[in-house]
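Enquirer:
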Amino acid sequence: MSIDSSIPGEREGPPGAVLPRDKELVLKVIPMPADCNANGDIFGGWVMAQVDLAGSVIPARYAKGRMATVAVNQFIFKQPVRVGDILSFYSELTRIGHTSITVKVEVYAERFSSQGQYIKVTEASVTYVAIDDAGHPRPVPPRE
Ligand SMILES: CC(C)(COP(=O)(O)OP(=O)(O)OC[C@H]1O[C@@H](n2cnc3c(N)ncnc32)[C@H](O)[C@@H]1OP(=O)(O)O)[C@@H](O)C(=O)NCCC(=O)NCCS
């Protein structure tokens, strides 16, 4: 399949591949047969859980303590994920609020039989809130 490689801020890899240059690689994982849905593709809920984990990496640096996912603002499954794909999760900070931090996460798959060629399978926007010991929102600490 072909992927639009004209997106600003992204770099081309091998033929057909596009990886973001302006985002951070925060997770790599390979789905297993136990993660499949009834079609034999990977269950969307499993992908969402991985995105939630991957998305929390950058906010954790800002929250410096407990935080919780408050909102999935957008979630797009562009292509199916399959058993054995190597998934790469790239993330970037999109907003810091008073108590919340929002990131964009993009997921790229290297198919089991096509290592080194990347397909964007998912993108999402997720918001996390810094919380105190009682579970209430607390201000994001100022950056040093
Ligand atoms: C996260 C939680 C503590 C926030 O408490 P709250 O009383 O709703 O907090 P507030 O209304 O003061 O909002 C806190 C921040 O979240 C943001 N927020 C709240 N709802 C939001 C939404 N739907 N989308 C985006 N941001 C949202 C607010 O804008 C605010 O950000 P800011 O301070 O940077 O402006 C509370 O909602 C909670 O405990 N939710 C459950 C969390 C959880 O269990 N997550 C896992 C789900 S499986």
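Taken in order, the sequence shown gives residues 229 to 372; the numbers are from the working numbering.
Cβ atoms here follow ideal geometry from the backbone N, Cα and C, with glycine treated the same way.
#1: Does the beta-carbon of A296, which I'm using as the reference point, lie nearer than 7 Å to any heavy atom of ligand 1?
#2: Since I286 is in the beta strand (DSSP E), which residue starts that stretch and which ends it?
#3: Would you mind working out which of V254, G363, A352 sits nearest T330, comparing C-alpha positions?
#4: Starting from K332, follow its DSSP beta bridges and name the residues at the other end.
#5: If we call anything under 8 Å between Cβ atoms a contact, is S316 one with Y336?
#6: On the premise that V333 lies in contact with G283, defined as a C-beta separation below 8 Å, what is that separation, rounded to the nearest angstrom?
#7: Where does A266 fall in DSSP's three states?
#8: With a threshold of 6 Å on Cβ separation, who are the neighbours of G312 within its own chain once the five nearest residues in sequence on each side are excluded?
#9: Do you know whose CA, among L255, P261, A291, lies nearest A277's CA?
#10: State the Cα-Cα distance for the pair T350 and L281, rounded to the nearest angstrom.
#11: Could you check which residue in V257, A358, H326 has the C-alpha nearest to that of R289?
#12: Please return the same chain residues whose Cβ sits closer than 7 Å to the Cβ of P369, not counting the five positions on each side in sequence.
#13: I need the straight-line Cα distance from P308 to H364, nearest angstrom please.
Expert: Taking the structure as given:
#1: yes
#2: It is not in any beta strand (DSSP E) - I286 instead sits in the alpha helix (DSSP H) that spans 285 to 291.
#3: The closest CA to that of T330, considering only V254, G363, A352, is found on A352.
#4: The bridge partners DSSP lists for K332 are E320, S353.
#5: yes
#6: 5 Å
#7: The answer is coil: DSSP assigns A266 none of H, G, I, E or B.
#8: F340
#9: Ranking the options by Cα distance to A277, first place goes to L255.
#10: 14 Å
#11: A358
#12: K292
#13: 37 Å
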